[in-house]
Amino acid sequence: MNWLDNSQQAEFRNKVKEFLNNSIPSYYTNVTPDRIAEGHTGGWQYDLKVGSDDARYAAREWVTSLAKHDWVAPHWPEEYGGGGLTPMEQFILRSEFAWYGVPPVAGPGVNMLGPTIILHGTEKQKKELLPSILSGEVTWAQGYSEPGAGSDLASLQTQAVKDGDNYVINGQKIWTSSAHKADWIFILVRTDNEAPKHRGISFIYTNINQTGIDVRPIISGGWEHATNETFYQEVSVPIENRIGEENRCWYVAMTLLDHERSNITGAIEKKKTIQSLIQYIVNDSVFSKQLSRKAVRNEIVDRFIECEVGYNFSLRIISMQDAGLVPNQEASTSKLFNSELTQRLNQTGMKPFGLFANLWDPNDNRSPMNAQFTQKHVHQISATIAGGTSEIQRNIIATRGLGLPRG
Numbered sequence: 013m014n015w016l017d018n019s020q021q022a023e024f025r026n027k028v029k030e031f032l033n034n035s036i037p038s039y040y041t042n043v044t045p046d047r048i049a050e051g052h053t054g055g056w057q058y059d060l061k062v063g064s065d066d067a068r069y070a071a072r073e074w075v076t077s078l079a080k081h082d083w084v085a086p087h088w089p090e091e092y093g094g095g096g097l098t099p100m101e102q103f104i105l106r107s108e109f110a111w112y113g114v115p116p117v118a119g120p121g122v123n124m125l126g127p128t129i130i131l132h133g134t135e136k137q138k139k140e141l142l143p144s145i146l147s148g149e150v151t152w153a154q155g156y157s158e159p160g161a162g163s164d165l166a167s168l169q170t171q172a173v174k175d176g177d178n179y180v181i182n183g184q185k186i187w188t189s190s191a192h193k194a195d196w197i198f199i200l201v202r203t204d205n206e207a208p209k210h211r212g213i214s215f216i217y218t219n220i221n222q223t224g225i226d227v228r229p230i231i232s233g234g235w236e237h238a239t240n241e242t243f244y245q246e247v248s249v250p251i252e253n254r255i256g257e258e259n260r261c262w263y264v265a266m267t268l269l270d271h272e273r274s275n276i277t278g279a280i281e282k283k284k285t286i287q288s289l290i291q292y293i294v295n296d297s298v299f300s301k302q303l304s305r306k307a308v309r310n311e312i313v314d315r316f317i318e319c320e321v322g323y324n325f326s327l328r329i330i331s332m333q334d335a336g337l338v339p340n341q342e343a344s345t346s347k348l349f350n351s352e353l354t355q356r357l358n359q360t361g362m363k364p365f366g367l368f369a370n371l372w373d374p375n376d377n378r379s380p381m382n383a384q385f386t387q388k389h390v391h392q393i394s395a396t397i398a399g400g401t402s403e404i405q406r407n408i409i410a411t412r413g414l415g416l417p418r419g
């Protein structure tokens with residue numbers, strides 16, 4: 013694992029920086045306090061579809077600039093409209109995007125469905141679906157988890173039964189992020205009840221607004237609507253909307269989740285967060301007094317070190333991919349460490365502010381750092397659950413990494 017760029021990587025990094033210095037819409041540089049508190053600038057795909065007028069204009073300007081360099085989907089092969097970048101070039105691109113605070117290469121359409129179609133889709137599916145993903149014309153949601161199948165996803169019970177040239181789908185999905193903003197959804201369904209649970213699963217996509225699909229909001233403890241329940245009642249979907257072999261799509265889904273767990277953008281965001289916390293406290297006439305408390309200083313130093321460790325875990329995964337290796341337990345190690353660090357970092361960020369950390373409104377001038385740590389502390393409680401629980405990650409590390417027996 014190398015911490016320094018070689019000559020080609022350094023040249024590419026400079027190219028990315030030059031692009032960012034000249035191409036970022038003002039909407040993404042002049043971020044309002046409430047958007048800072050949310051911890052993100054907003055995904056350009058959803059800005060383009062359901063954002064304010066300013067957000068839509070900025071998103072169109074941004075995606076047009078990205079498209080000139082084939083960076084809307086930098087990880088896709090060039091023949092499908094992607095950038096064809098190496099894993100390390102993707103790492104550099106995503107890192108610089110994160111440092112500059114612009115919308116990342118994100119969304120289930122670009123990051124999950126697109127690669128699935130490229131690897132397992134028919135030529136017709138590639139022709140029909142990939143262009144609209146790249147343009148942002150169609151937004152996607154991912155329907156995997158169910159009330160009784162989260163960490164044990166292979167226990168999913170949503171049924172798809174053949175009826176002529178169609179599947180008829182009945183069941184329920186939960187924690188479906190941004191389903192209320194999406195046009196289409198791809199879901200895992202059970203197509204064979206007699207097969208072992210990992211073998212009877214298929215991958216199907218459908219219009220989320222069609223008859224029989226009901227999207228219901230889940231409001232978080234922080235009054236945030238980011239995720240949903242989706243119900244399927246006699247939903248008819250053409251068989252040609254299946255991607256890959258019938259009953260053999262479990263391993264396709266798991267490969268994609270391993271890539272999801274490498275999250276370099278999140279690692280950079282943590283480094284930015286701890287640095288901004290230190291800068292704020294040092295320069296604030298009131299809260300700088302907190303630095304005289306040894307416990308506060310030590311805790312901030314611990315988080316600073318851990319943010320560097322989290323970054324290195326992500327770099328390790330990219331380095332393996334760049335060498336042609338497939339990260340497995342390494343991806344789980346990164347996900348486990350970084351998701352738990354997210355929660356520790358938010359707690360540390362509130363500690364120097366005492367009772368002021370109870371202020372929730374990011375637009376309140378009395379709220380330290382626009383209340384971002386207070387808001388993140390609530391919104392990111394799920395970090396150790398979403399994308400695979402910490403308990404499951406430890407099991408993977410134990411069995412696949414350490415060779416320990418199951419059970």
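Residue 419, in this note's numbering, is where the sequence shown stops; the numbers in between run on with no holes. Backbone N, C-alpha and C fix where the C-beta goes; we use that ideal spot for every residue, glycine too.
For I220 against D195, the beta-carbon gap comes to about 6 Å, under 8 Å, which counts as contact. Distance from S107 to A153 at the Cβ level is roughly 27 Å; contact not present, criterion being Cβ atoms closer than 8 Å. At the C-beta level, Y217 and I186 stay beyond 8 Å of one another. Apart from the 5 residues on each side of it in sequence, M100 sits with its Cβ closer than 7 Å to the Cβ of Q21, I330, D334 in its chain, given in chain order.
Collapsing the DSSP output to three states places R418 in coil.
The C-alpha of E140 is placed about 32 Å away from the C-alpha of A207.
Per DSSP, the unbroken alpha helix (DSSP H) holding S77 starts and ends at 65-80. For the pair A85 and L32, the CB atoms are not nearer than the 8 Å cut-off. Taken through DSSP and simplified to helix, strand or coil, W111 comes out as helix. Within the same chain, Cβ atoms closer than 8 Å to the Cβ of R211 are found at D204, N259, R260, W262, the five residues on either side in sequence being excluded. Counting the other Cβ atoms within 10 Å of the Cβ of E318 gives 16 or more, which makes it buried. Cβ-Cβ distances below 6 Å link G133 to I255 in the same chain, with the five nearest sequence neighbours on each side left out; the list follows chain order. Taking 8 Å as the cut-off, the Cβ atoms of I408 and T360 do not count as close. Measuring C-alpha to C-alpha distances from S326 to each of E158, E342, I213 identifies E342 as the nearest.
Taking all protein chains in view, the Cβ of G176 is surrounded by fewer than 16 other Cβ atoms within 10 Å, so the residue is classified as exposed. Nearest to A395 by alpha-carbon distance, out of G366, I404, Q355, I276, is Q355. If the five residues before and after D226 are omitted, its C-beta is found closer than 6 Å to the C-beta atoms of F243, all from its own chain and listed in chain order. DSSP, reduced to helix, strand and coil, places D204 outside both helices and strands of the structure shown, so it counts as coil. In the structure shown, R315 falls within a helical segment according to DSSP collapsed to helix, strand and coil.
The residues A166, S167, in chain order, have a CB closer than 7 Å to that of K209 in the same chain once the five nearest residues on each side in sequence are set aside. Secondary structure at S394: helix, using DSSP grouped into helix, strand and coil. D164 is the residue among V62, D164, N324, V28 whose C-alpha sits nearest the C-alpha of S402. Excluding sequence positions up to five before and after Q392, its CB lies within less than 7 Å of the CB of T354, Q355, N358, all in the same chain and listed in chain order.
For R406, the enclosing alpha helix (DSSP H) has its first and last residue at 402-408. Distances from the alpha-carbon of T151 to those of L142, P159, Q245, E158 put L142 closest. Under the DSSP assignment, F24 falls outside any beta strand (DSSP E), being part of the alpha helix (DSSP H) whose first and last residues are 19-35.
Here T345 carries a helix assignment [DSSP, helix/strand/coil]. Within its own chain, the residues whose Cβ lies closer than 7 Å to the Cβ of E246, once the five positions on either side in sequence are excluded, are V180, N182, G224, listed in chain order.
Closest in C-alpha terms to K174, from the list E149, R202, T76, N123, comes R202.
For the pair F368 and R378, the CB atoms are nearer than the 8 Å cut-off. In this structure, the beta-carbon distance from I129 to K138 falls below 8 Å. At least 8 Å separates the beta-carbon of A265 from that of S214. Between the alpha carbons of A191 and Q291 lies a gap of roughly 38 Å. Contact annotation, H87 with L97: C-beta distance approximately 7 Å; criterion of less than 8 Å satisfied. For the pair G278 and W56, the Cα-to-Cα distance works out to about 17 Å. In this structure, N178 places its C-beta atom within 8 Å of the C-beta atom of V249.
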